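As structure tokens, the structure follows; a few thoughts come after it.
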Ligand SMILES: [Zn+2]
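In the working numbering, the protein residues as written are 9 to 139.
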């Protein structure tokens, strides 16, 4: 397991840490309180984000000729970061993750049923259908 990775988006810095037994403290990115942070799965765990992932720099992914040989750091619990306090993580999870997971499962169903073929949608009816 590797060390911490930092991503910066103009004024926001996110620290991605490997699974740790020690609590992580910092400032919640939603409410701004300082305290113990919880691991936020992004996307939600229920949206196929429950397995080990390879964390690599975006530029490395774009430049890779063979994604199977891509180097990076493995995160055992899925993609995410310590960005929110437990209350905000639980609140946002109850507000959004169910709907997002439903959408992800519907999208996966479409991908599987089409076998990767193009999907044609006329108003709300999609062809081929199968789920
Ligand atoms: Zn918070």
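All residues carry an ideal CB built from backbone N, CA and C; glycine is no exception.
Please read these numbers as outputs of a predicted model, since none were measured by experiment.
Own chain, CB closer than 8 Å to residue i, minus 5 neighbours either side, in chain order
i, result
"residue 87", "49, 50, 51, 57, 61 and 63"
"residue 69", "75 and 78"
"residue 95", "39"
"residue 65", "80"
Cβ-based neighbour list, residue i, same chain, cut-off 6 Å, excluding 5 preceding and 5 following
i, result
"residue 55", "108, 109 and 112"
Within-8 Å CB hit, residue i to chain B
i, result
"residue 36", "The structure shown contains no chain B; it is built from a single protein chain."
Rounded straight-line distance, which links the Cα of residue j to that of residue i
i, j, result
"residue 80", "residue 99", "31 Å"
"residue 125", "residue 103", "33 Å"
"residue 116", "residue 122", "10 Å"
Run of the alpha helix (DSSP H) containing residue i, from where it starts to where it stops
i, result
"residue 46", "No alpha helix (DSSP H) contains residue 46, which is instead part of the beta strand (DSSP E) from 42-49."
"residue 90", "Run containing residue 90: none in the alpha helix (DSSP H); it sits in the beta strand (DSSP E), 88-93."
Bridge-paired residues (DSSP) for residue i
i, result
"residue 81", "63"
"residue 100", "For residue 100, which the question treats as bridged, DSSP gives no partner whatsoever."
Cutoff 7 Å; reference residue i; Cβ partners in own chain excluding five residues on either side
i, result
"residue 97", "46 and 48"
Please list, following the chain, all residues that have a C-beta closer than 5 Å to any non-hydrogen atom of ligand 1. 36, 38, 39, 93 and 96
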